[in-house]
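All the letters of the sequence shown, read from the start, carry residue numbers -28 to -1, 1 to 459 under mature numbering (1 follows the signal peptide of the UniProt record, and there is no 0). Okay, structure first, notes after.
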Amino acid sequence: MKIIFKNSKLVYSFILLMSSLCISSKGAAAEEVKTTKITEKQNIVMIVIDDLRPVLGAYGDEKAYTPNIDALAKEGVTFDYAYSNVPVCGASRASMLTGLRPTKNRFIDYKAMAEKDAPNAKSLPQVLRESGYHTIGLGKIFHNAKDLATVSWSEKIQVSGMPHATMLNPDSKNYIKENAHVEWLKNGPWYETADVPDEAYPDGKVKQKALQALTRLSAEQQPFFMSVGFIRPHLPFYAPKKYYDLHPKEKFTPFFFRERPHLAPSSLRGSGEIHTYHFKDYEYNSDAFHLSSIQGYYASVSYIDALVGDIVDKIDDLGLRDNTTIMLISDHGFQLGEHNFWTKHTLLDTSLRIPMIVSSPHAVKNQKTNALVELIDIFPTITEIANINPSIKIDGESFVDVLKQPDRVHKKQVYSRFKTGDSIITDNYIFSSYITEDNKVEEMLYDHSEDPHEINNVVNDPRYQKQAAALREQLTACITLRNCKTN
């Protein structure tokens, strides 16, 4: 009842807003947005969800239960082709929050810190703070809460650290795994369901602090930037029981192709992160394991959806919506057993593609866009929305024009990398190049128009040689010359 009520409330607010503006059609609304100039400082609420792939109703996933995020999408623009620049938490967040591309020497893994990898860079919240914003971080924003913390935030970041594995079901303590490769690491099972309220788990506590902060900030005259970082659906899949009940295992099936892609190079490897958790009595990568994992992931997403709904409701209740931009993103995608890969760390579409939804007074409503965007584009987009022109070098490009006209072309290609591999992604293709330990080159090319699940590496197929050569040339220029052309 709670979630359904939220959904209805957002629709009701939308009707009132349309009536007050005397807009007679969606076309007229879009036209007004196109001619609107950004003349005042917007409040910004940026919600960062860890490890979220587009398993949302707004993205056409019929198995998802995400009414609140879907309602947010109806209030803004949904990006169908948004990509992470590096499929690992720490590096992705450091890159995104500085607007700088990862390189072979910068933003490499989960330990990446902007203040070490890019010592002269400024963070997005730092630029906003220096321009008169009150900036506040709640939960997981930078992977390391200490990264650029003193210059980024107007007040000390709250709920810092990464309590990924807070167990609330007593049975979980019967399944503790000691990880030999990390002496101090002792994790519980890879999934847990507990009959507890939303606020019992760490993400629920972050939500509570966000609601309190919004109430406080709404009473002040200063514009604010608030970033809220949720951990789920990052492993382990721990969520209140009611969200597991929404997703019985019977509605899922394991991915149909659980082998490596045909002719995939040896450099394509999955993450070992899931092996740091206890598998209870399940056989790893069995059908039963796949079903429990998928169920746990979808339950975790529904849990976060409810928390997002609480935050959006609060923004509406406080009368902030007319002057607040809400941006919902993830740091990278997630593999749910495709090719028997789990979590992230690959240069496959499942690891790289992310959800991105933007609701803003200066954006059209209930629109989808095919525009290619990458996470480094968030920095200049938010500063433009905030009417700020930072005098620093960044690699991202603002997509504010797409928010007004979703059919616009933003970029013709975007780039991602992980460890020794680099990728270039276009409308239909993803081309990757790896440097092996013995300094050889391995490549992958997938044609998403013919092979959306990346079953066949066609880099050596005679039919694709012209396309492979062009993408290889563009990617090489990006890697060697830092000439990462996007148009």
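Virtual Cβ for every residue (Gly too), placed ideally from N, Cα, C.
DSSP places F261 in the helix class (H, G or I) of the three-state scheme. With a cutoff of 7 Å on beta-carbon distance, K13 and A358 are scored as near each other. Beta-bridge annotation (DSSP): I16 is paired with F197 and T297. Assignment of beta strand (DSSP E) within the region 128 to 166, counting only whole runs of 3 or more residues, yields 163 to 166 in chain order.
I266 counts as buried, since at least 16 other C-beta atoms from the protein chains shown sit within 10 angstroms of its C-beta. Annotation for D89: the continuous alpha helix (DSSP H) segment containing it runs A86 to D89.
Assignment of F390 by DSSP, reduced to helix, strand and coil, places it in the strand class. If you draw a straight line from the Cα of H334 to the Cα of D399, it is about 26 Å long.
At the C-beta level, V200 and I350 stay beyond 7 Å of one another.
Non-local C-beta neighbours of D23 in its own chain, meaning closer than 6 Å and more than five positions away in sequence, comprise P205, H206 and F306, ordered along the chain. For Q437, the enclosing alpha helix (DSSP H) stretches over residues Q437 to L453.
Non-local C-beta neighbours of H382 in its own chain, meaning closer than 7 Å and more than five positions away in sequence, comprise A343, L344, V345, F371 and V374, ordered along the chain. Secondary structure note for A236: it is in no alpha helix (DSSP H), with a DSSP letter that is neither H nor E. Of the other Cβ atoms in all chains shown, fewer than 16 fall within 10 Å of the Cβ of F228; this residue is therefore exposed.
The DSSP-derived three-state label of N312 is helix. DSSP, reduced to helix, strand and coil, places T408 outside both helices and strands of the structure shown, so it counts as coil. If you look at T341, you'll find it isn't in any alpha helix (DSSP H); it sits in the beta strand (DSSP E) that goes Q339 to E346.
In the assembly as shown, Y401 is a buried residue. Its beta-carbon has 16 or more other beta-carbons within 10 Å. For S331, the enclosing beta strand (DSSP E) covers residues R325 to S331. Nearest to C456 by alpha-carbon distance, out of I407, P161, I348 and R101, is I348.
CA-CA distance, T458 to H304, rounds to 20 Å. It is roughly 5 Å from the alpha-carbon of H250 to the alpha-carbon of K149.
According to the DSSP assignment, P352 belongs to the alpha helix (DSSP H) that extends over I350 to I357. Rounded to the nearest angstrom, the Cβ distance from L417 to V431 is 4 Å, consistent with a contact under 8 Å. Sequence-distant Cβ neighbours of E415 in its own chain, meaning closer than 6 Å and more than five residues away, are S405 and V431.
Contact check between the region 30 to 44 and the region 275 to 290: three or more CB pairs, one atom from each, fall below 8 Å, which counts as touching.
Per DSSP, reduced to three states, the secondary structure at S190 is helical. DSSP places V123 in the uninterrupted alpha helix (DSSP H) bounded by A121 to S124.
Following the DSSP letters along the chain, one finds A211 inside the beta strand (DSSP E) bounded by residues F209 to P212.
Assignment of alpha helix (DSSP H) within the region 243 to 289, counting only whole runs of 4 or more residues, yields 259 to 289 in chain order. The residues Q14, I16, S332 and I357, in chain order, have a CB closer than 6 Å to that of T297 in the same chain once the five nearest residues on each side in sequence are set aside.
The three-state secondary structure of L110, taken from DSSP, is strand. Apart from the 5 residues on each side of it in sequence, Y215 sits with its Cβ closer than 6 Å to the Cβ of A271, S274 and Y275 in its chain, given in chain order. Fewer than three Cβ pairs drawn from the region 151 to 163 and the region 61 to 73 lie within less than 8 Å of each other, which leaves the two stretches out of contact.
Here the alpha carbons of I407 and H317 stand approximately 16 Å from one another. With contacts defined by Cβ atoms closer than 7 Å, S190 and L290 form a contacting pair.
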